[in-house]
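Going by numbering that gives the first Met the number 0, the sequence shown opens with residue 0, and the numbers climb by one from there.
One structure is given below, encoded as structure tokens.
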Amino acid sequence: MKIISRKLQDTDKIGQIIGENLIGGTVICLEGDLGAGKTTLTQSIAKALNINDYVTSPTFTIIKEYNGRLKLYHMDAYRLESEDDMYDLGYDEYIYSNGVCIIEWASNIFNLIPKHAITITINIDYEKDIREFDIVGEGLQFETLKKGLENYENTWNRIC
């Protein structure tokens, strides 16, 4: 499914709807160029999970943990030299938890990502000044998220 964001408020709303529709055990892989909005989207998801802490990019810490309606494990694989680095950090206790795991630059650890993961790729069209969120996945977590996003998308299409 694809959703278009025309302004920061749209991205914030998309993130909040994603967060409201997440269930325990969800893994989200975020892909996109530097500055595409991966951390911004994660901040909005965190708000919807009732996380009061300010969410920042875990580029240098690799993993950050937040408490809310569901625990949020925010990871960044950008600086990892190999998948072995994630083994050393005990990634599996986060990915296979009852919380929500969001991984920026997940393609860097592709072989460690569970099959049920949801991938959100953020593409920027600089000419039109829009962001396109391409969301793919399978399984219960994806179907739950898809229903919530389809309701948003239907509302958006009626407004535009």
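Ideal placement from N, C-alpha and C gives every residue a C-beta, glycine not left out.
First and last residue of the alpha helix (DSSP H) that includes residue i?
i, result
"residue 92", "91 to 94"
"residue 41", "37 to 47"
"residue 17", "7 to 19"
"residue 128", "Taken as a continuous stretch (DSSP letters only), residue 128 belongs to no alpha helix (DSSP H), as it is neither H nor E."
Let me check one thing: in DSSP terms, what residues is residue i bridge-paired to?
i, result
"residue 74", "62, 102"
"residue 56", "Per DSSP, none; premise fails for residue 56."
"residue 133", "1, 120"
"residue 30", "120"
Please classify residue i: is it buried, with 16 or more other beta-carbons within 10 angstroms of its beta-carbon, or exposed?
i, result
"residue 139", "exposed"
"residue 57", "buried"
"residue 0", "exposed"
"residue 81", "exposed"
"residue 93", "buried"
"residue 60", "exposed"
"residue 51", "exposed"
"residue 18", "buried"
"residue 37", "buried"
"residue 75", "buried"
"residue 130", "buried"
How would you write the range of the beta strand (DSSP E) that residue i sits in, first residue to last?
i, result
"residue 120", "117 to 124"
Below 8 Å on the Cβ atoms is my contact criterion, and I expect residue i with residue j to pass it. Report the Cβ-Cβ distance as a whole number of Å.
i, j, result
"residue 160", "residue 101", "No answer is possible for residue 160: it lies beyond the span of the chain, which begins at 0 and ends at 159."
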